[in-house]
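In the working numbering, the protein residues as written are 102 to 315. These notes are about the structure you will find just below.
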């Protein structure tokens, strides 16, 4: 709530997304710009185990303590930094605004407190174009941001104003991570599976991998 005192946030409204590990609230700044406020809750043992495979091997998080509180704070920091790196690489993600402890403030994707739909909720009208755009984003993410999303699927890609927006990037890892190749191939397989169901002539995972990595 220090964000309310510091002026990052002016008002916070209801929950727009509630998962097991985090809740996302709809807020606004003083100018009335809509913001998403993501609050990471305490991690279950299962989530901690899942987290560790993304944090271990990530040089940015060497020396993070293994207690729940430290991990949650590191996870919030990790998502903020991943959003920053992705934004700078011209990958469409929610733009990060601020992070502190277990609270991340970022751009709200949607309007009047209603989140944009995910691909899972609403298939795109132009699936061929969206598939191509996503491959371009994954290429920029890999080559410019030097990141691999690591958990990409139709559940964490929103459609907003005709374009895909990638979200939930807390687990994204640097390309130097020992599991980066495996994660990228899995991301591409998920994207291919979804778009081939919509009738798109997708590249093979190998071809898509070569196109992304160069």
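Note that the Cβ used here is the ideal one computed from N, Cα and C, for glycine as well.
{"Asked": "Sequence-distant residues of the same chain with beta carbon closer than 7 Å to residue 112, five excluded per side", "Found": "128, 129"}
{"Asked": "Which of helix, strand or coil DSSP assigns to residue 306", "Found": "helix"}
{"Asked": "Residue burial classification, residue 298 (beta-carbon count within 10 angstroms, cutoff 16)", "Found": "exposed"}
{"Asked": "Coil, strand or helix - residue 129 by DSSP", "Found": "strand"}
{"Asked": "Sequence-distant residues of its chain with Cβ nearer than 6 Å to residue 254 (five each side left out)", "Found": "291"}
{"Asked": "Selection from 226, 315, 154 that minimises the alpha carbon distance to residue 247", "Found": "315"}
{"Asked": "Supposed contact pair residue 212 and residue 197 - C-beta distance, whole angstroms, cut 8 Å", "Found": "Incorrect: roughly 20 Å between the Cβ atoms, too far for contact."}
{"Asked": "Own chain, CB closer than 7 Å to residue 163, minus 5 neighbours either side, in chain order", "Found": "none"}
{"Asked": "For residue 152, the three-state DSSP class (helix, strand or coil)", "Found": "helix"}
{"Asked": "Contact belief for residue 177 with residue 205 at Cβ below 8 Å, rounded distance in angstroms", "Found": "5 Å"}
{"Asked": "Sequence-distant residues of its chain with Cβ nearer than 8 Å to residue 161 (five each side left out)", "Found": "179, 182, 275"}
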